[in-house]
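Enquirer: Residues in the sequence shown are numbered from 1 upward in steps of one, following the UniProt record's numbering.
Each residue gets a CB set at the ideal place from its N, CA and C atoms; glycine is no exception.
Note that the coordinates shown come from a computational prediction; the quantities given were computed from them, not determined experimentally.
Below you will find the structure I want to go over with you.
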Amino acid sequence: MIKKFDKKDEESGSGSNPFQHLEKSAILQEARIFNETPINPRRCLHILTKILYLLNQGEHFGTTEATEAFFAMTRLFQSNDQTLRRMCYLTIKEMANISEDVIIVTSSLTKDMTGKEDVYRGPAIRALCRITDGTMLQAIERYMKQAIVDKVPSVSSSALVSSLHMMKVNYDVVKRWINEAQEAASSDNVMVNHALGLLYHLRRNDRLAVSKMLNKFTRSGLKSQFAYCMLIRIASRLLKESEEGHDNPLFDFIESCLRNKHEMVIYEAASAIIHLPNCTARELAPAVSGCRIPIGSLPVSLSGMYFQVAMKHPSAVTACNLDLENLITDSNRSIATLAITTLLKTGSESSVDRLMKQISSFVSEISDEFKVVVVQAISALCQKYPRKHSVMMTFLSNMLRDDGGFDYKRAIVDCIIGIIEENPESKETGLAHLCEFIEDCEHTVLATKILHLLGKEGPRTPTPSKYIRFIFNRVVLENEAVRAAAVSALAKFGAQNENLLPSILVLLQRCVMDSDDEVRDRATFYLNVLQQRQLTLNAAYIFNGLTVSIPGMEKALHQYTLEPSEKPFDMRSVPLATAPAFEQKAEISLVANKPEKVAPSRQDIFQEQLASIPEFKNLGPLFKSSEAVQLTEAETEYFVRCIKHVFSNHIVFQFDCTNTLNDQLLEKVTVQMEPSEAYEVLRCIPAPNLSYNQPGMCYTLVRLPLDDPTTVACTFSCTMKFTVRDCDPNTGMPDDDGYDDEYVLEDLELALSDHVQRILKPNFAAAWEEVGDDYEKEETFALSTIKSLEEAVNNIVKFLGMQPCERSDKVPENKNSHTLYLAGLFRGGLDVLVRARLALGDGVTMQVTVRSIVQTPVDVILASVG
């Protein structure tokens with residue numbers, strides 16, 4: 001017996017698959033009946049089915065085994081049973097790559113291919129082409145040409161599909177069948193429209209030929225909906241490659257297909273338009289309207305298309321919102337999720353309440369993965385309609401109480417935090433919901449994130465004392481990471497609220513006895529700082545903290561221990577962290593149970609790279625590295641971009657150069673710079689050589705003007721100088737002799753923002769008091785060319801290169817005045833703060849107040865703004 005069942009198998013129902021326990025060796029033994037006379041079609045069919053099953057299950061057949069079975073199977077061609085014959089064709093196709101000498105059945109297949117039995121001819125063509133190699137293709141070329149134009153659609157279709165496969169074997173032979181393919185493409189039968197695909201693949205490298213083919217068939221019209229879909233796809237590919245945009249006859253053809261009577265053609269045309277790059281909402285509107293017709297038959301793909309359009313052009317989908325609302329109750333939850341997220345993206349402000357009610361019954365029935373998508377859509381809706389924050393906040397708080405995994409809860413928490421930051425009036429409500437959540441929160445990361453937010457926002461609320469209980473409960477009930485975060489939050493309440501300070505000191509004294517050293521250390525540190533009752537200490541050590549790169553500080557401290565010195569360690573020798581990175585580190589430090597290796601920042605990498613060059617070794621710590629600025633067009637013969645590395649008294653210009661000419665080798669490449677101000681060019685460090693497409697770096701060192709430190713803006717004219725050695729493009733071997741040449745680059749601008757580093761001050765008021773008014777200046781300016789507060793804020797932030805604090809870069813709607821808070825470090829590590837009061841009138845009037853720890857940054861900023 002081939003299959004064996006025991007009693008347990010029968011009882012468990014495992015015998016439902018009759019081929020489950022097949023053994024290859026037993027099947028090959030059974031295949032011997034192929035040699036019996038007379039042939040038993042029924043038994044032979046059963047054995048062939050088993051062989052095909054094993055092959056499709058990945059069972060390995062050895063070459064000898066497969067060849068023996070194959071030769072035995074060839075005897076089955078003596079039978080006239082139609083089902084057995086067609087099963088033989090299938091088995092030949094599957095075993096063609098395993099067995100040896102399969103070519104032996106060529107004559108039998110050719111006979112069937114040219115015979116009178118139409119039911120044999122199509123399968124015989126497919127099997128024959130599977131075993132035919134490139135050298136033998138010419139032997140059956142005449143038969144293939146006849147089959148392509150055969151009046152029987154199944155035969156013609158088989159020949160066309162086989163021709164597509166044979167193109168990979170011998171393209172030149174198949175290319176000679178192009179006339180027959182054109183004749184087949186004109187047929188009215190839907191099965192032979194594979195001819196369009198064959199014609200396209202034969203001409204795909206000739207754009208003009210493809211365009212002519214499209215023009216021919218789009219004008220003559222086609223009766224097959226499958227052919228229309230193929231034409232749409234070809235036209236879409238050409239449009240994506242074309243630079244003519246949408247003013248193209250091909251786009252008009254695709255748009256005309258939206259009015260076709262067949263739903264699949266409408267859907268294909270709509271899909272093509274939606275996926276075209278740079279489509280406007282006006283161009284997408286007919287495509288979206290066209291999609292409404294097949295909504296009942298293709299809801300899955302339809303919802304996905306609506307969602308894609310809604311992400312970029314919400315207004316184009318608005319007209320179909322009624323159709324999408326009908327999909328919310330669809331039994332397929334993925335369809336319902338796409339529909340609801342699209343509605344949330346495209347809905348109007350008046351529809352928010354209704355949508356929230358619809359979602360309420362919907363959310364409980366979907367998985368966490370889909371819930372996260374819904375929450376993200378709600379978050380986008382909150383930003384679009386901030387006045388509806390109360391409705392969405394209530395809904396999110398209810399979702400927060402439901403069961404769910406970490407990703408789901410994190411998405412909700414992030415959404416609530418986003419609402420709090422965007423809408424100050426929602427702060428107390430949002431904090432209350434988050435306080436309730438952390439009472440039962442089992443995720444350390446979320447608990448510490450919320451505690452960090454409470455410490456930042458809670459002290460500024462009208463009644464900060466109500467949050468103390470929730471925070472101290474975490475000290476009593478939670479793990480060490482959460483306890484440490486709670487201690488930090490308590491310290492911030494004590495630092496900002498004088499009436500709460502005595503109570504906070506008592507609570508921190510209890511934390512000093514904690515079992516975890518991190519909690520004890522934090523409590524002891526904050527306790528000693530708060531007992532001093534000094535605003536400057538609170539600002540420096542509780543509110544704003546360090547703004548240095550963690551890997552950079554680790555490296556600097558290690559270097560300090562290797563080279564003992566009587567001088568104390570200088571924090572100014574440590575590279576700064578950029579503002580986003582610092583904000584991220586502040587959160588990470590609250591949740592890390594164990595110290596993790598922090599990846600070096602971009603500035604850390606540059607610091608190490610420049611320190612390895614002897615000429616730059618004594619420049620001191622790197623203050624700032626700019627983004628790359630292109631000094632040539634991308635298509636020119638030499639591609640050059642510049643990165644500005646700013647030090648205390650010097651600037652290193654790093655030029656990344658690429659030689660795009662394969663017949664030249666450049667040597668001793670330098671960039672000569674001519675400054676427009678009192679900057680002094682000290683030296684140029686060349687790139688030894690620039691081979692074809694091999695980037696290289698050269699440097700120019702410039703000294704800052706020490707006599708007039710307020711001179712920060714400068715324009716440099718740049719010229720790349722080098723020695724050229726011509727070389728053979730094929731071998732790359734250069735000539736022995738070279739000649740000097742130069743290439744003029746675009747001018748390079750040095751601005752105020754290059755001398756200022758962004759730093760984050762979470763509490764600007766405390767930082768303002770910490771710096772003090774010893775070095776403060778105030779001036780008023782008229783920005784006559786600027787017509788809105790938003791434009792003024794964006795221009796100021798970009799010009800000064802400083803970090804907006806407390807979300808002051810977000811200008812409330814319908815306001816005629818606004819205050820912008822900016823924080824930064826001037827070159828050399830000097831703190832500088834800017835408060836800009838803006839008033840909107842005929843233009844924008846700006847009152848700027850600048851504070852720093854020394855006079856120079858104040859003068860520099862006011863001189864630059866003026």
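#1: Based on the DSSP secondary-structure assignment, which residues constitute the bridge partners of residue 666?
#2: Which one or two residues does DSSP pair with residue 777 in a beta bridge?
#3: When you measure from the CB of residue 87 to every non-hydrogen atom of the ligand FMN, does any distance come out below 8 angstroms?
#4: Looking only at its own chain, which residues have a Cβ that is under 6 angstroms from the Cβ of residue 648, when we skip the five neighbours before and after it?
#5: Out of 175, 151, 173, which one is the CA nearest neighbour of residue 188?
#6: Comparing C-alpha positions only, which one of 474, 666, 343 sits nearest to residue 448?
#7: Give me the residue from 672, 155, 176 with the minimum Cα distance to residue 698.
#8: Given this structure, state the Cα-to-Cα distance separating residue 678 from residue 712, to the nearest angstrom.
#9: In the region 788 to 827, which residue ranges form an unbroken alpha helix (DSSP H) of at least 4 residues, counting only runs that do not cross its ends?
#10: Output the distance between the C-alpha atoms of residue 240 and residue 114, rounded to the nearest integer angstrom.
#11: Let's test the definition: count the other Cβ atoms within 10 Å of the Cβ of residue 782 and tell me whether it reaches 16, buried, or not, exposed.
#12: When burial is assigned at 16 or more other CB atoms within 10 Å of the CB, is residue 130 buried or exposed?
#13: Secondary structure at residue 646, three-state DSSP: helix, strand or coil?
#14: Residues in the same chain with beta-carbon distance under 8 angstroms from residue 855, minus the five sequence neighbours each way, listed in chain order, please.
#15: Quick check on the burial criterion: 16 or more other C-beta atoms within 10 angstroms. Buried or exposed for residue 103?
#16: Check whether the region 487 to 496 touches the region 456 to 472, counting contact only when three or more Cβ pairs, one atom from each stretch, lie closer than 8 angstroms.
#17: Going by DSSP, what residue range makes up the alpha helix (DSSP H) through residue 102?
#18: Put residue 567 into one of helix, strand or coil per three-state DSSP.
#19: Would the region 55 to 74 count as touching the region 24 to 39 if we require 3 or more Cβ pairs under 8 angstroms?
#20: If I measure Cβ to Cβ from residue 510 and keep anything under 7 angstroms in the same chain, skipping five residues before and after, which residues do I get?
#21: Alpha carbon to alpha carbon, how far is residue 543 from residue 821?
#22: Pairs of beta-carbons, one from the region 806 to 819 and one from the region 838 to 848, closer than 8 angstroms: are there three or more?
#23: Taking the beta strand (DSSP E) that residue 685 belongs to, which residues open and close that run?
#24: Could you say which of 88, 747, 501, 622 lies nearest to residue 41 if we only look at CA atoms?
#25: Under a Cβ-count criterion, where at least 16 other Cβ atoms within 10 Å of its own Cβ denotes burial, should residue 676 be classed as buried or exposed?
#26: Counting only the same chain and skipping the five closest in sequence on each side, list residues whose C-beta sits under 8 angstroms from that of residue 298.
#27: Please report the straight-line C-alpha distance between residue 823 and residue 397, rounded to a whole angstrom.
#28: Taking the DSSP output, what are the residues bridged to residue 639?
#29: State buried or exposed for residue 867, treating a residue as buried only when at least 16 other CB atoms are found within 10 Å of its CB.
#30: Which of the three DSSP states is assigned to residue 512 in this structure?
#31: Exposed or buried, what is residue 218 when buried is set at 16 or more other beta-carbons lying within 10 Å of its beta-carbon?
#32: Kindly indicate which three-state DSSP category residue 754 falls into: helix, strand or coil?
#33: Is the region 747 to 767 touching the region 721 to 730 in the sense that three or more CB pairs, one from each, lie closer than 8 angstroms?
#34: Relative to the C-alpha of residue 806, which candidate in 86, 799, 835 has its C-alpha closest?
#35: Relative to the C-alpha of residue 196, which candidate in 164, 170, 169, 208 has its C-alpha closest?
#36: Thinking just about the alpha-carbon of each residue, which of 484, 428, 481, 437 is nearest to the one in residue 461?
Expert: Let me lay it out:
#1: 690, 724
#2: 850
#3: The model depicted lacks the ligand FMN and carries no ligand whatsoever.
#4: 620, 828
#5: The option with the nearest alpha carbon to residue 188 is 151.
#6: 474
#7: 672
#8: 10 angstroms
#9: 789 to 800
#10: 43 angstroms
#11: exposed
#12: buried
#13: strand
#14: 775
#15: Taking every protein chain shown into account, the CB of residue 103 has fewer than 16 other CB atoms within 10 angstroms, so this residue is exposed.
#16: yes
#17: No alpha helix (DSSP H) contains residue 102, which DSSP labels as neither H nor E.
#18: Correct three-state label for residue 567: coil.
#19: The region 55 to 74 is in contact with the region 24 to 39.
#20: none
#21: 16 angstroms
#22: yes
#23: Counting along the chain, residue 685 sits inside the beta strand (DSSP E) bounded by residues 680 to 685.
#24: 88
#25: exposed
#26: In this predicted model, residue 298 has a pLDDT of only 45, less than 50, meaning its place in the structure is not dependable enough to derive any value.
#27: 35 angstroms
#28: 658
#29: Summary: the structure shown does not reach residue 867, with the chain confined to residues 1 through 866, and so no result is reported for it.
#30: coil
#31: buried
#32: helix
#33: The region 747 to 767 and the region 721 to 730 do not touch, with fewer than three beta-carbon pairs separated by less than 8 angstroms.
#34: 835
#35: 164
#36: 428
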